[in-house]
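A.B. asks: Input: one structure, supplied below.
2 protein chains.
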Amino acid sequence: MVTDPMMTASRFSTRPLYLQVRDALAARIATGDWQPGAAIPNEGDLAREFGVSSGTMRKALDLLESERLLTRRQGRGTFVNDQTSDELAERYSNIRAQGGEHISGDFQILDVSEGVANDAECTRLSVREHERVCRVRRLRLCHGKPFMSEHISMPASLFPGLAKRGEFPHRITILAQEFGVLLGKGQERISIDTASPEIAEALRLAPGTPVLMLDRLIHTLDGRPAEWRLGRCHCADKFYLAEFN
Amino acid sequence: MVTDPMMTASRFSTRPLYLQVRDALAARIATGDWQPGAAIPNEGDLAREFGVSSGTMRKALDLLESERLLTRRQGRGTFVNDQTSDELAERYSNIRAQGGEHISGDFQILDVSEGVANDAECTRLSVREHERVCRVRRLRLCHGKPFMSEHISMPASLFPGLAKRGEFPHRITILAQEFGVLLGKGQERISIDTASPEIAEALRLAPGTPVLMLDRLIHTLDGRPAEWRLGRCHCADKFYLAEFN
DNA sequence: AAGTGGTCTAGACCACTCA
DNA sequence: GAGTGGTCTAGACCACTTG
Chain R
1 MVTDPMMTAS RFSTRPLYLQ VRDALAARIA TGDWQPGAAI PNEGDLAREF GVSSGTMRKA
61 LDLLESERLL TRRQGRGTFV NDQTSDELAE RYSNIRAQGG EHISGDFQIL DVSEGVANDA
121 ECTRLSVREH ERVCRVRRLR LCHGKPFMSE HISMPASLFP GLAKRGEFPH RITILAQEFG
181 VLLGKGQERI SIDTASPEIA EALRLAPGTP VLMLDRLIHT LDGRPAEWRL GRCHCADKFY
241 LAEFN
Chain C
1001 MVTDPMMTAS RFSTRPLYLQ VRDALAARIA TGDWQPGAAI PNEGDLAREF GVSSGTMRKA
1061 LDLLESERLL TRRQGRGTFV NDQTSDELAE RYSNIRAQGG EHISGDFQIL DVSEGVANDA
1121 ECTRLSVREH ERVCRVRRLR LCHGKPFMSE HISMPASLFP GLAKRGEFPH RITILAQEFG
1181 VLLGKGQERI SIDTASPEIA EALRLAPGTP VLMLDRLIHT LDGRPAEWRL GRCHCADKFY
1241 LAEFN
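If you're matching them up, the sequences are chains R and C in order.
Under our numbering, the first residue of the first sequence is numbered 1, with each subsequent residue one higher.
Under our numbering, the first residue of the second sequence is numbered 1001, with each subsequent residue one higher.
Here it is in structure tokens:
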């Protein structure tokens, strides 16, 4: 049965069918129509529902799997990924402990607020001058000791009402899943900074100590900036891990 | 016409056909049977030559394109990538100038040698204790001024006779293409180091100046370590760019 | 107009998982 | 043994590039 409005126009659109199907399926995941962890119908049923061949449906599902929205297991079925799972939530966390393992530390929220975007935020988040952003300042701890200061800005339009909540999840992947935002590519600019008096105090360092400056931008799946983070990291026994193909 | 020895066994192997076809095509590129920049036969002809369907051939070609060995252009044809082209040669170079553009500087070779792998090289390059490695030490310059010291080690088995040559190409991608080595994934560990007296002198810094330490490992397409580079980088007006999906 | 890669179809059969 | 995803086939038609 064809129910999606998208399908009615599909045969007249120049956009490839498998991309239209992918968008429709992604929307079901974003809206929570298909819940994290749930199994979705098999390929054949989906193909019939959308009125496309199984090959086309397969190509759409392949794409969604590469975008980390689905996991397919031969003989078992296709499942909606839970972005709060350890494996997926660590997706954008590239600081590692000496041995290469992820750091399972705690966070300390310093401040959550909302306001009009400043110049830097307008540039990095590609928002207009009068648009509002949500800001978070926090410390990341390892064994109770702070090692990283984070200044985070997000377009308020993507996460409405976030600043008014008391709670704030540790990871952007969890926040995004709550708000029905699908995340995609990220990039991070890494350089050396020296700790300002404020940073030095927060990280319990001597002022002027060199720290890693991590300027990270995470986009939504469709390419809009979703989170800008400025981190200053004292990583004496840690390193940043970059992987590329 | 079926000529590849691989094909004779294909129907009895459990390895998927499209992967066997990919391997055979990759071998033609590695050996130089198909030259960089050259056009290869169209999908239909290739499918017929290998005795597979066009869909299977297509899947193999898709893979090779994602591995950056081929480029396909609708209406024109399929071409072997030239790894010495600017775009591809910069693949593993993540240091950027202020504006984000690649750095088109020069190199100064300090030393090229070959010897038995030391402990660190055995670990990082996964070679056995008695195996030989080729070593290069060099400086990278920007506007004539050195900004990065590099210590490079490569398994001598992958690049036989390299240490005895006077010439040494600037980029690992170019070297690999010369020696018929296909490159794949890379990873880089980034941390802060302070310049030793030797590094400080080479980079014309005060000893103890903080520098970015870049510990990079590049693998072959089939996953064997191909190059280990230890870089120390004074990047006052530069940054390291990490991108992830 | 001829040739190329890109999309799409409608199946068949295989490998794997689980009740 | 029933159900799932993974592989493979043999086409058709479309979009794009070039002579």
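Glycine included, every Cβ here is placed at the ideal spot set by N, Cα and C.
1) Ignore the nearest five residues each way along the sequence and tell me which others in Gln-177 of chain R's own chain have a CB closer than 7 Å to its CB.
2) Under 8 Å between the Cβ atoms of Ala-117 of chain R and Val-181 of chain R?
3) Give a yes or no on whether the minimum CB-CB distance between Gln-1098 of chain C and chain R is below 8 Å.
4) Spell out whether any CB of chain C is found under 8 Å from the CB atom of Glu-188 of chain R.
5) Quick check on DSSP: helix, strand or coil for Cys-1233 of chain C?
6) Starting from the Cα of Ser-1153 of chain C, find the closest Cα among C:Ile-1040, C:Arg-1189, C:Glu-1043, C:Leu-1217 and give me that residue.
7) How is the alpha helix (DSSP H) around Thr-56 of chain R delimited, first residue to last?
8) Beta-carbon within less than 6 Å of Asp-1106 of chain C's beta-carbon, same chain only, minus the 5 sequence neighbours each way: which residues are those?
9) Is the distance from the Cβ of Cys-233 of chain R to the Cβ of Phe-159 of chain R below 8 Å?
10) DSSP three-state label for Phe-1239 of chain C, please.
11) Ser-1146 of chain C by DSSP, collapsed to three states: which one?
12) Are the C-beta of Ile-192 of chain R and some C-beta of chain C separated by less than 8 Å?
13) Output needed for Thr-1194 of chain C: all residues of its chain with C-beta closer than 6 Å, excluding positions within five of it in sequence on either side, in chain order.
14) Taking Cβ-Cβ distances shorter than 9 Å, what residues in chain C pair up with Glu-243 of chain R?
15) Just checking: is the beta-carbon of Leu-1141 of chain C within a distance shorter than 8 Å of some beta-carbon in chain R?
16) To the nearest angstrom, how far is it from the Cα of Ala-1236 of chain C to the Cα of Leu-1203 of chain C?
17) Tell me, please, whether the CB atom of Asn-1042 of chain C is closer than 8 Å to any CB atom in chain R?
18) Can you find a C-beta in chain C that's less than 8 Å from the C-beta of Phe-50 of chain R?
19) Starting from the N-terminal side, write out each stretch of the beta strand (DSSP E) that is 3 residues or longer and does not extend beyond the region 151-236 of chain R.
20) Take Gly-1231 of chain C and list the residues in its own chain whose beta-carbon comes closer than 6 Å to its own, dropping the five residues that flank it on each side.
21) Output the distance between the C-alpha atoms of Ser-1196 of chain C and Asp-33 of chain R, rounded to the nearest integer angstrom.
22) Alpha carbon to alpha carbon, how far is Gly-51 of chain R from Arg-58 of chain R?
23) For Asn-1245 of chain C, tell me which candidate among R:Asp-45, R:His-219, R:Thr-78, R:Asp-111 has the shortest Cα-Cα distance.
24) Taking the alpha carbon of Lys-238 of chain R as the point to measure from, which residue in R:Gly-99, R:Ala-60, R:Ile-172 has its own alpha carbon closest?
C.D. replies: The short version:
1) Residues Pro-36, Gln-83, Thr-84 of the same chain have their beta carbon placed closer than 7 Å to that of Gln-177 of chain R, with the five preceding and five following residues left out of the count.
2) Ala-117 of chain R is not a Cβ neighbour of Val-181 of chain R, given a cutoff of 8 Å.
3) No, Gln-1098 of chain C lies away from the interface with chain R (no Cβ there is under 8 Å from its Cβ).
4) So, interface residue.
5) DSSP places Cys-1233 of chain C in strand when its eight states are reduced to three.
6) Comparing Cα-Cα distances from Ser-1153 of chain C to each of C:Ile-1040, C:Arg-1189, C:Glu-1043, C:Leu-1217, the minimum goes to C:Leu-1217.
7) 54-66 is the span of the alpha helix (DSSP H), which, as asked, contains Thr-56 of chain R.
8) These residues qualify, in order along the chain: Leu-1141.
9) Not closer than 8 Å, so no.
10) Three-state result, Phe-1239 of chain C: strand.
11) In the sequence under discussion, the amino acid at residue 1146 of chain C is Pro, which differs from the Ser named in the question. DSSP places Pro-1146 of chain C within a strand segment (E or B) once states are collapsed to three.
12) For Ile-192 of chain R, the answer is yes, since a Cβ of chain C falls inside 8 Å of its Cβ.
13) Once the five neighbours on either side are set aside, the close Cβ partners of Thr-1194 of chain C are Gly-1208, Pro-1210.
14) The answer, in chain order, is Lys-1185, Gly-1186, Gln-1187, Glu-1188, Ala-1242, Phe-1244.
15) In terms of beta-carbon proximity, Leu-1141 of chain C stays away from the interface with chain R, with every pair separated by 8 Å or more.
16) A straight line joining the alpha-carbon of Ala-1236 of chain C with that of Leu-1203 of chain C spans about 12 Å.
17) Under the Cβ criterion of 8 Å, Asn-1042 of chain C is not counted among the residues facing chain R.
18) Taking a beta-carbon distance threshold of 8 Å, Phe-50 of chain R does not count as an interface residue toward chain C.
19) Unbroken beta strand (DSSP E) runs of no fewer than 3 residues, entirely contained in the region 151-236 of chain R, are found at 183-194, 210-220, 225-233, following chain order.
20) Contacts found: Met-1148, Glu-1150, Leu-1214.
21) Approximately 58 Å, taken between the alpha carbons.
22) Each residue's alpha carbon lies about 13 Å from the other.
23) Checking every option, the nearest Cα to that of Asn-1245 of chain C belongs to R:His-219.
24) In terms of CA proximity to Lys-238 of chain R, R:Gly-99 leads the group R:Gly-99, R:Ala-60, R:Ile-172.
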